[in-house]
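1 is the number of the first residue of the sequence shown in the UniProt record's numbering; add one for each residue after it. Quick reminder that beta carbons are idealized off the backbone N, C-alpha and C, glycines included. Model, not experiment: these values are computed from the prediction. Let me begin by presenting the structure, written as structure tokens, before commenting on it.
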Amino acid sequence: CTEDDDEILLVLAEELGTFVPLVGGAQHAACLFDPLEKLAEVEETVVRDKATDSICVVVSALDDSQQSEEVFGLLKRLANGDWFTARVSACSLVASVYIYLKDQSQKGEVRMLYDNLAKDETPMVRRAGASQPRGF
1 CTEDDDEILL VLAEELGTFV PLVGGAQHAA CLFDPLEKLA EVEETVVRDK
51 ATDSICVVVS ALDDSQQSEE VFGLLKRLAN GDWFTARVSA CSLVASVYIY
101 LKDQSQKGEV RMLYDNLAKD ETPMVRRAGA SQPRGF
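What follows is the structure, given as structure tokens:
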């Protein structure tokens with residue numbers, strides 16, 4: 001990506017967080033996760049950060065069942081991603097996702113995912129995990 005491409009991706013990551021009313025409200029907001037997940041995997045840090053911020057905005061608009069289904073799957077995919085960039089983004093989402101989960105087994109799995117991220121072979125992932133709040 002060129003610098004211009006990164007600027008476009010940054011604006012896209014930011015704007016997608018405001019699209020909930022434009023896609024038909026909370027019942028359709030989960031459709032925003034696919035492009036935001038892709039943006040959360042890119043190399044440019046500011047784009048990833050803005051994508052994770054927008055994911056949190058969209059999550060807050062969902063109802064309880066959507067939060068458990070959609071967000072838990074998204075977090076698992078990022079945490080198990082092949083590239084370190086996805087795993088760094090997962091670290092940024094762990095605490096935010098955790099508070100929305102009602103199922104105790106899912107909460108336990110999120111704690112295990114976080115533990116694995118904290119022990120990741122890539123220093124950037126471990127650093128991202130260490131910088132997140134441990135309130136869960």
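The beta strand (DSSP E) runs lying completely inside the stretch 58 to 122 and spanning 3 residues or more number zero. In summary, Gln27 is exposed, with fewer than 16 beta-carbon neighbours lying within 10 Å of its beta-carbon over all protein chains present. About 6 Å separates the Cβ atoms of Thr85 and Arg48, confirming a contact at the 8 Å cut-off.
The beta carbon of Val71 is closer than 7 Å to those of Val59, Val97, Tyr100 in its chain, skipping five residues each way along the sequence.
Its chain contains Leu10, Ala13, Glu14 as the residues whose beta carbon lies nearer than 7 Å to that of Lys50, once the 5 sequence neighbours on both sides are disregarded; these appear in chain order. Its Cα nearest to that of Cys91, the residue Leu78 stands out among Gly25, Leu78, Leu22. At the C-beta level, Leu36 and Leu75 stay beyond 8 Å of one another. Gln132 sits in coil when the DSSP states are folded into three classes, being neither helix nor strand.
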